[in-house]
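Going letter by letter, the sequence shown gives residues -29 to -1, 1 to 391 in mature numbering (1 follows the signal peptide of the UniProt record, and there is no 0). Every residue, glycine too, gets a C-beta built ideally from N, C-alpha and C.
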Amino acid sequence: MGRRWPALRPLTAPLLLLLLPRALPGAHCPEPCSCPPDGALRCPGPRAGLTLLSLTYLPIRLIPPQAFRGLNEVIKIEISQSDSLEKIEANAFDNLLNLSEILIQNTKNLVYIEPGAFRNLPRLKYLSICNTGIRKLPDVTKIFSSEFNFILEICDNLHITTIPGNAFQGMNNESITLKLYGNGFEEIQSHAFNGTTLISLELKENAHLEKMHNGAFRGATGPSILDISSTKLQALPSYGLESIQTLIATSSYSLKKLPSREKFTNLLDATLTYPSHCSLIISKLQKSEDTKISKSSSHLLRVTNSCVGATSAFKVPLITVTNSKVLLVLFYPVNSCANPFLYAIFTKAFQRDFFLLLSKFGCCKRQAELYRRKDFVAYTSNCKNGFTGSNKPSQSTLKLSPLQCQSTTVPDKRLANKEC
Ligand SMILES: *[C@@H]1O[C@H](CO)[C@@H](O)[C@H](O)[C@H]1NC(C)=O
Ligand SMILES: *[C@@H]1O[C@H](CO)[C@@H](O)[C@H](O)[C@H]1NC(C)=O
Ligand SMILES: *[C@@H]1O[C@H](CO)[C@@H](O)[C@H](O)[C@H]1NC(C)=O
């Protein structure tokens, strides 16, 4: 088609441009629907064999109650790329007993989804509402799905500012995953997740999210995984952290302190960004025996790409820990391997693993050798800026100081920084 453009006569080109919006790919109104411009969408059933309904680039303004009435076999409904859509009314998606997926995406003028718009959808497994203009978290409390591992995705809705109490109550009676990212959230209220069983709660990239009520997790089971990366949260709620196994908080520069370690009774793995732009990895070790620690420690080392290059002005942080079982590693990216590492090490077994690992990259070979010989007493820092981590596992405060790594190759992909 591109090749034909130069051949068009001057008058034909503007004419074609005028017609172009109607000729957008996928802009046709599918059977059995009617899609009147600036009107209400209606897709009456029954319709044997209709399982997928894809409604894109449609000129409709409204999705009225019972819009899909009788479409008993429909499994997936997708509504996207409609600039004219403004409102979804109560009972719009009502009693669709086979419906498993609803996607509403890229409808920037959709400002209102009435309460009860999604009602009685027992097979619903995936509801995604992304990049719309809605002002309030959509009401999902009348869905009553009984599907296992329900996924709710609410993303890139810049005008939703609050997650109110009981927001997900009644959505699903089994376990759920909440992917709530890139929204305008500023606040999460008390009991927000009341009545849910949360596998994973993703709150990343809610760049304005500052406040999470202390009782936000009240009445909820879980979450096992919590991701608050790239938010402005300054603190986590102190209640409800016991179920968290994985905590991810990269680029969470406002998160200056964590609740006490005792609250994280099941924490296995945490990736945090310290205010100093460095990535902090905390891992709780299930067993305190050195052998187990030794076994697990090497795969706990991770480097995130959120780290920025270190400067010599870097301030040495003090990290207070109350439980000697916690393994805490503060890490700079192996960024062309000229930047300092920071690390704190709680056990001798871990120190040994750490140096053995570094020695693979050509760093701290002497320490590694010393540890290989189990010659702990002879251990002294050989690295440029020295290492003053405590050797006493029971010490409650660790001082971290920069350590220069001189290696130039990083063979392990997991440890390699993109800029390396
Ligand atoms: C779900 O769809 C199947 C066919 O795909 C149909 O036989 C069945 O009746 C539908 N269920 C309901 C509750 O309508
Ligand atoms: C969820 O609801 C379904 C249908 O009512 C039921 O069979 C199932 O046992 C319920 N699950 C839980 C965990 O209560
Ligand atoms: C929490 O949910 C339960 C039902 O699951 C309800 O009875 C209770 O009122 C809710 N609590 C608050 C504070 O909203």
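- Here SER99 is near LEU74, since their CB atoms are less than 8 Å apart.
- Here the C-alpha atom of ALA241 lies approximately 48 Å from the C-alpha atom of PRO1.
- Looking from the CA of ILE159, the closest CA among GLU124, PRO208, ARG94 belongs to PRO208.
- At the C-beta level, THR192 and GLU157 stay beyond 8 Å of one another.
- Runs of the beta strand (DSSP E) lying entirely within the region 143 to 221 and spanning at least 3 residues, in chain order: 146 to 152, 168 to 173, 196 to 198, 217 to 220.
- Non-local beta-carbon contacts of PHE64 in its own chain, meaning distances under 8 Å to residues more than five positions away in sequence, involve ALA38, PHE39, ILE48, LEU70, ILE73, ALA88, PHE89, ARG90, LEU92 in chain order.
- Residue environment: GLY211 is assigned as buried (16 or more neighbouring CB atoms within 10 Å of its CB, all protein chains considered).
- LEU81 sits close to ILE59, with the two beta carbons spaced by under 8 Å.
- ASN237 counts as exposed, since fewer than 16 other C-beta atoms from the protein chains shown sit within 10 angstroms of its C-beta.
- For GLN160, the shortest separation between its Cβ and any heavy atom of ligand 3 does not lie below 7 Å.
- Burial is judged here by how many other beta carbons sit within 10 angstroms of a residue's own beta carbon; LYS227 has fewer than 16 and is exposed.
- For THR78, the enclosing beta strand (DSSP E) begins and ends at 72 to 78.
- For ASN137, the shortest separation between its Cβ and any heavy atom of ligand 3 lies below 7 Å.
- For the 8 Å CB-CB criterion, ILE84 and LEU123 do not form a contact.
- Sorted by position in the chain, SER117, ASN144, GLU145 make up the residues whose C-beta lies under 6 Å from a heavy atom of ligand 2.
- Taking the Cβ of ASN66 as the reference point, every heavy atom of ligand 3 lies at 7 Å or farther away.
- Not one heavy atom of ligand 1 is found less than 7 Å from the C-beta of ASN154.
- Remark: the C-beta of GLN216 is outside contact range of ligand 3, defined as less than 7 Å to any heavy atom.
- Taking the Cβ of GLY166 as the reference point, at least one heavy atom of ligand 3 falls within a distance shorter than 7 Å.
- Boundaries of the beta strand (DSSP E) around ASN102: 97 to 103.
- The DSSP-derived three-state label of ARG32 is coil.
- The beta carbon of ASN143 sits closer than 6 Å to those of SER116, PHE121, all from its chain and outside the five residues before and after it, given in chain order.
- For GLU44, the CB falls within less than 7 Å of some heavy atom of ligand 1.
- Considering only GLN76, VAL111, LYS107, the residue with the shortest C-alpha distance to CYS101 is GLN76.
- Short note on GLY211: C-beta not closer than 7 Å to any heavy atom of ligand 3.
- Listed as beta-bridge partners of GLU124 by DSSP are SER99, LYS150.
- Between the alpha carbons of GLY20 and GLU44 lies a distance of about 7 Å.
- ARG106 sits in coil when the DSSP states are folded into three classes, being neither helix nor strand.
- The beta carbons of CYS126 and LYS150 sit closer together than 8 Å.
- At the C-beta level, THR103 and THR78 come within 8 Å of one another.
- For ALA(-3), there is no enclosing beta strand (DSSP E), as DSSP marks it with neither H nor E.
- With a cutoff of 7 Å, GLY190 counts as near ligand 3, since its C-beta is closer than that to a heavy atom of the ligand.
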